[in-house]
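Protein chains in written order, with my numbering: chain A, 1 to 108; chain B, 109 to 216; chain C, 217 to 324; chain D, 325 to 432. Ideal Cβ placement from N, Cα and C applies to all residues, glycine included. For reference, the structure discussed in these notes is given below.
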């Protein structure tokens with residue numbers, strides 16, 4: 001039986017993966033932020049010429065679904081590695097942000 | 109006592125937040141991917157003129173630390189909302205991707 | 217009477233502007249490429265929640281028209297500065313690229 | 325003898341290229357802005373793991389030089405097409421912006 005997936009476990013796998021390949025010197029916060037934005041753009045690229053309606057159906061095509069899932073993984077990988085090197089807890093950061101947004105944009 | 113934070117709980121909060129403001133029509137996969145990339149660029153903007161060494165110290169300044177944490181939250185918010193509308197499990201996607209990368213880039 | 221605007225003249229103005237402020241050390245190709253992508257995302261931000269039809273009418277609103285024009289200027293500024301530091305002629309690069317695309321995607 | 329290259333001539337070539345392939349329906353301002361940002365990120369990708377010093381030498385390697393030049397062309401292509409559909413004169417926009425920046429950031 002395997003333990004359930006969580007963010008800390010994935011961060012550990014990513015850190016071991018990078019360490020085993022001596023990639024840490026490349027993983028400055030500046031470089032990781034750039035890599036994150038590059039992966040986010042690869043996600044945009046999949047959607048760039050689609051109508052809103054077509055974009056809602058991207059998962060119907062198995063090849064496109066695989067490509068989207070793969071890019072989501074890449075974005076998350078760099079986001080978690082950036083958080084790791086900066087000491088940020090991403091889930092707590094988002095929870096706080098939603099709290100602030102609830103005060104900033106009160107529901108009608 | 110509050111339940112521990114996890115991705116599913118944050119996705120629920122984000123979905124309720126958007127629903128209460130009638131924002132779902134804007135949340136096409138195409139628009140969410142664009143918004144994700146815009147937030148990733150706001151993160152890059154913080155680092156764009158810094159040297160690698162300066163970028164490693166961004167959390168030393170409380171204002172910059174707050175700004176970085178805030179942008180991390182925004183990136184994660186759009187990533188989780190995109191996954192929600194597309195039915196992608198982001199943690200499983202990343203776990204699979206690390207498996208594939210381990211085969212693709214064997215450690216030396 | 218002023219000479220007509222051209223790319224070389226604008227590159228000269230940009231180089232003088234940066235030199236007068238001692239900004240050249242920041243203008244590595246890596247940083248200029250990042251700044252270019254950040255400005256391109258600020259352009260995307262204007263359009264991110266618009267329908268295709270709304271996006272076609274952005275110039276009808278004077279404030280939005282000004283904002284779009286301003287971001288176009290920022291993108292071009294960093295593109296021309298990047299070309300300057302790398303010794304690339306942007307117009308010749310594009311002319312060559314269209315030649316190659318005409319061979320690669322023959323018109324029906 | 326060929327006429328010298330200028331922005332208007334390149335915009336004409338790009339418009340004819342798109343029209344011959346019936347691509348105009350895809351060329352909404354929103355889609356062109358997204359495509360521009362995707363190409364800008366492909367430029368960032370070339371530099372993302374380089375040190376500032378390595379980034380200053382990218383044109384020394386003919387393959388990398390070609391790749392950088394190609395991405396510069398792609399960024400300019402989408403910028404000029406976006407300007408064309410929006411009726412923006414990119415050189416005048418940048419000239420105005422430099423005027424404004426000179427007032428906003430007076431040289432020391």
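Closest in C-alpha terms to residue 231 of chain C, from the list C/261, C/302, C/275 and C/297, comes C/297. Sequence-distant Cβ neighbours of residue 283 of chain C in its own chain, meaning closer than 8 Å and more than five residues away, are 262. Within the region 97-108 of chain A, contact with chain B at the beta-carbon level (separation under 8 Å) is assigned to 97, 98, 101, 102, 105, 107 and 108. Per DSSP, reduced to three states, the secondary structure at residue 159 of chain B is coil, with no helix or strand assignment. Listed by position along chain B, the residues whose Cβ is nearer than 7 Å to that of residue 64 of chain A form an empty set, because the closest Cβ is around 10 Å away.
By alpha-carbon distance to residue 330 of chain D, the top candidate from D/410, D/414 and D/432 is D/414.
Taken through DSSP and simplified to helix, strand or coil, residue 46 of chain A comes out as helix.
Residue 74 of chain A sits in a helix when the DSSP states are folded into three classes. Ranked by how close their Cα comes to the Cα of residue 350 of chain D, the residues C/239, C/233 and C/268 have C/268 in first place. The region 2-43 of chain A is shown to contain whole alpha helix (DSSP H) runs of 4 or more residues at 7-20, in chain order. Residues of chain B whose Cβ lies closer than 8 Å to the Cβ of residue 352 of chain D do not exist, since the nearest Cβ in that chain is about 12 Å away.
Within the region 123-147 of chain B, the residues whose Cβ lies closer than 8 Å to any Cβ of chain D are, in chain order, 142 and 145. In this structure, residue 44 of chain A lies away from residue 401 of chain D, with their beta-carbon atoms at least 8 Å apart. Between the C-alpha atoms of residue 125 of chain B and residue 342 of chain D there is a straight-line separation of about 41 Å. Put simply, the CB of residue 395 of chain D is far from chain A, with every gap to its CB atoms at 8 Å or more. Taking 8 Å as the CB threshold, residue 229 of chain C lines the interface with chain D. For residue 398 of chain D, the C-beta contacts it makes with chain C under 8 Å involve 313, in order along the chain. For residue 432 of chain D, the number of other beta carbons within 10 angstroms of its own is below 16, and it is reported as exposed.
For residue 32 of chain A, same chain residues with a beta-carbon under 7 Å away, outside a window of 5 residues either side, are 78, 81, 82 and 85 in chain order. The C-beta distance from residue 257 of chain C to residue 361 of chain D rounds to 5 Å, short enough to fall under 8 Å. Boundaries of the alpha helix (DSSP H) around residue 425 of chain D: 414-428. When A/102, A/69 and A/65 are compared, the shortest CA-CA separation from residue 202 of chain B is found for A/69.
For the region 43-55 of chain A, the set of residues with a beta-carbon nearer than 7 Å to any beta-carbon of chain D comprises 44, 45, 48 and 49, in chain order. Going by C-alpha positions, residue 173 of chain B is about 14 Å away from residue 92 of chain A. Listed by position along chain C, the residues whose Cβ is nearer than 8 Å to that of residue 416 of chain D are 221.
Using beta-carbon distances, residue 332 of chain D does not count as an interface residue toward chain C, since no partner is under 8 Å.
With respect to the 8 Å criterion, residue 204 of chain B and residue 8 of chain A are not classified as neighbours on the basis of their beta carbons. With a contact defined as Cβ atoms closer than 8 Å, residue 13 of chain A and residue 206 of chain B qualify at about 5 Å. Using a Cβ distance threshold of 8 Å, residue 183 of chain B and residue 210 of chain B do not count as a contacting pair.
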